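Numbering (the UniProt record's numbering), first residue to last: 1 to 112. Just so you know, even glycine gets a beta-carbon here, dropped at the ideal spot from N, CA and C. On a predicted model such as this, the values are computed, not experimentally measured, just so you know. Take a look at the structure below.
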């Protein structure tokens with residue numbers, strides 16, 4: 001497969017399933033185990049990596065959460081941050097840590 005952006009249409013053709021089935025797969029809706037495995041295999045074959053920015057644009061909400069630790073002591077913050085990261089990963093929610101203490105910058109992040 002070429003290096004173009006992979007679409008649901010491309011995946012559906014490769015897995016020999018309907019485009020709607022691919023959509024249900026990515027939205028976490030119920031599809032048969034056999035079909036899920038077919039799509040999984042195609043995604044592995046093409047080394048598919050989800051585009052977080054594209055999926056955020058498509059949705060009404062972005063599933064972005066901001067953590068602003070009150071302490072600059074990383075040893076104190078890391079267990080909490082690791083716990084948050086673990087729980088969000090279980091729910092397939094993207095997690096990125098931005099450690100910044102400049103109030104103007106933090107206000108901009110929180111207003112996004």
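Straight-line gap, residue 103 to residue 68 (C-alpha atoms, nearest Å) | 11 Å
Could you tell me whether the Cβ atoms of residue 39 and residue 84 are closer together than 9 Å?
-> no
Taking just the CA atoms, how far does residue 65 sit from residue 32?
-> 32 Å
Distance between residue 94 and residue 88 (C-alpha atoms, nearest Å) | 7 Å
If you run the structure through DSSP and keep just helix, strand and coil, what is residue 97?
-> coil
Around the Cβ of residue 7, are there at least 16 other Cβ atoms within 10 angstroms (buried) or fewer (exposed)?
-> exposed
So, are the CB atoms of residue 113 and residue 15 less than 9 Å apart?
-> Here the chain has residues from 1 to 112 only, and residue 113 is not among them.
By DSSP, does residue 15 sit in helix, in strand, or in coil?
-> helix
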